[in-house]
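With my numbering as the guide, the letters of the sequence shown map in order to residues 295 to 423. Just so you know, even glycine gets a beta-carbon here, dropped at the ideal spot from N, CA and C. What follows is a short report on a single structure.
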Amino acid sequence: PKTEGVLERVQNTLFVVGSNLATDPSKAMDIPHVQLSDITLLENEIDRMEADLPPLKTFILPGGHPTVSQIHIARCVCRRAERDVVGLALIDEVPDVILQYLNRLSDYLFVLSRWVGMRLDAKELPWKP
């Protein structure tokens, strides 16, 4: 699928995640659930984009182009959501597939930032410790 179509699917799946987290599990039978196929889509897209990218040899700094920076911000928000859901899972029931999805989504967003950067001719900024 085209990137725009994948991002639309991600947005829809995030609504599913939100509805699952906001609904009492005993009443969640009538709402959609995150599926393994949602995770597989992300993994397939990661593989597709990585095939176009040079291997990563060092850590890179977020940035290089405003669009790339925005994708990195989305990745950071996703990571924060993942941490929050891990905290929720310590006190309440959370389906494992939700945590798996959020984890793979942050990986997808990282690879997407590199792939978009390459298409925009944005230079990757290596981390210099």
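Cβ atoms of V311 and E339 stay farther apart than 8 Å, at about 18 Å.
Taking 8 Å as the cut-off, the Cβ atoms of R398 and E337 count as close. Within the segment 302-386, the complete alpha helix (DSSP H) segments at least 4 residues long are 330-344 and 360-383, listed from N- to C-terminus. Our two residues, D318 and L403, have alpha carbons roughly 30 Å apart in a direct line. For L308, the closest alpha carbon among the candidates E298, L396 and G411 is that of L396.
The closest CA to that of L335, considering only P360, L419, T297 and L414, is found on T297. Within the DSSP secondary-structure output, L419 pairs in a beta bridge with L355. Remark: C-beta atoms of L406 and L355 do not approach each other more closely than 8 Å. I392 sits away from V380, with the two beta carbons spaced by 8 Å or more.
Going by beta carbons, T361 and V328 fall outside the 8 Å limit. Cα atoms of A345 and M412: separation of roughly 12 Å, rounded to the nearest angstrom.
In the three-state reduction of the DSSP assignment, L414 falls in the coil class, being assigned neither a helical nor a strand state.
Judged by DSSP in its simplified three-state form, V388 adopts coil rather than helix or strand.
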